[in-house]
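Below: one structure, written as structure tokens.
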Amino acid sequence: MANRVLITGGTGFVGRPLIEKLRIEGFDPIALGSSDGDIATLDFQKFKHERIERVVHLAGRTFIPESWQNPLEFYRTNILGTANVAEFCRHVGASLTYISAYVYGSPSTLPLKEDDPVNPNNPYAYTKLLGEEVCLQYADLFAVPVTILRPFNIYGMGQSNSFLIPKIIHQVLHEERIELENLNPCRDYIYISDLVEAVTLSFRDQNKCATYNLGSGVSISVAEVVDIIQKAAGTNKPVISKNIVRDNEIMDVIADASKFTEMFNWRPKFDFASGIENIFSFRRKNDL
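Quick note on numbering that gives the first Met the number 0: the sequence shown kicks off at 0 and runs consecutively.
What follows is the structure, given as structure tokens:
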């Protein structure tokens, strides 16, 4: 069947809506989830005759604080897993879309462009950069067509409560007050549906190897995030900051996504406030 796409991490936060989008667009996506096995050692032989044309590699470990506690497992899963996926693409002649993140570290200038220096400053970020290097090597040495996407902070329905936005939403809805480590860090947020739209558009890329940032071009502090979420929820709960600065905290990041915009005529449809409104609308409709 034409347009067959294998999605590693296909049952996860990004994978589920991406598969829905691909089906709408006429693709034939196949979801590969954690129940299928360890991505670092998975035997892809069962997909050898599936006529896979592209692999979108989402699988891996993603929670930054955990990467400080268990760096070896992050390196094993995220780097060896990426190499395993790239090797499968080499064998079957498939294109590879790699979802990267956090590779720039603490920037000296903003907004960040794709050719700005990379300086990952936590174990997770290092694994993503090394994953990029694996993909670039397979593009250079084995002619695997590679697209590297660097989305900035993703948010939307279905994200684990260990991440900031769902954590704040949970506290706004269920706790007497909102307690957070630090209200000052700023991030550039991209709504999940804007991301899956961008991933789908990137399939049109005729370049044999390209890297693109994905973001809104606007950064928002944690304090502003709380205000926007409280407004959407209709609450005014007290906010407590512990004033804790995480190891190697990045205080501000902004994406320059103009390269992707110019190539694919893509722009985010949701600013942060409208994305949060969409989350609350979904929750109300589904009694969540």
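Where a beta carbon is used, it is the ideal one built from N, C-alpha and C, also for glycine.
Between the C-alpha atoms of Lys166 and Ala142 there is a straight-line separation of about 42 Å. Proximity of the stretch 2–15 to the stretch 52–59 meets the contact definition, three or more beta-carbon pairs being nearer than 8 Å. Just measuring C-alpha positions, the residue of Glu72, Phe62, Leu135, Thr61 sitting nearest Leu95 is Leu135. For a cut-off of 8 Å, the C-beta gap from Pro116 to Lys207 is around 24 Å, too long to register as a contact. In the three-state reduction of the DSSP assignment, Arg282 falls in the helix class, which pools H, G and I. The beta carbon of Val198 sits closer than 7 Å to the beta carbons of Leu17, Val55, Thr96, Leu148 from its chain, once the five residues preceding and following it are set aside; these are given in chain order. Within the DSSP secondary-structure output, Ala30 pairs in a beta bridge with Ile6. If you draw a straight line from the Cα of Thr76 to the Cα of Thr61, it is about 10 Å long. The alpha-carbon of Glu223 is positioned some 34 Å away from that of Glu72. In the DSSP assignment, Arg186 falls within the beta strand (DSSP E) that extends over 185–190. In the three-state DSSP reduction, Ala222 falls in the helix class (H, G or I). Beta-bridge annotation (DSSP): Ser240 is paired with Leu179. The DSSP-derived three-state label of Pro150 is strand.
Bridge partners of Cys208 according to DSSP: Val145. In the DSSP assignment, Ile98 falls within the beta strand (DSSP E) that extends over 94–98.
Secondary structure at His48: coil, using DSSP grouped into helix, strand and coil. When secondary structure is reduced to three states using DSSP, Arg15 falls in the helix class.
For His173, the closest C-alpha among the options Ile51, Tyr74, Gly9, Thr234 is that of Thr234.
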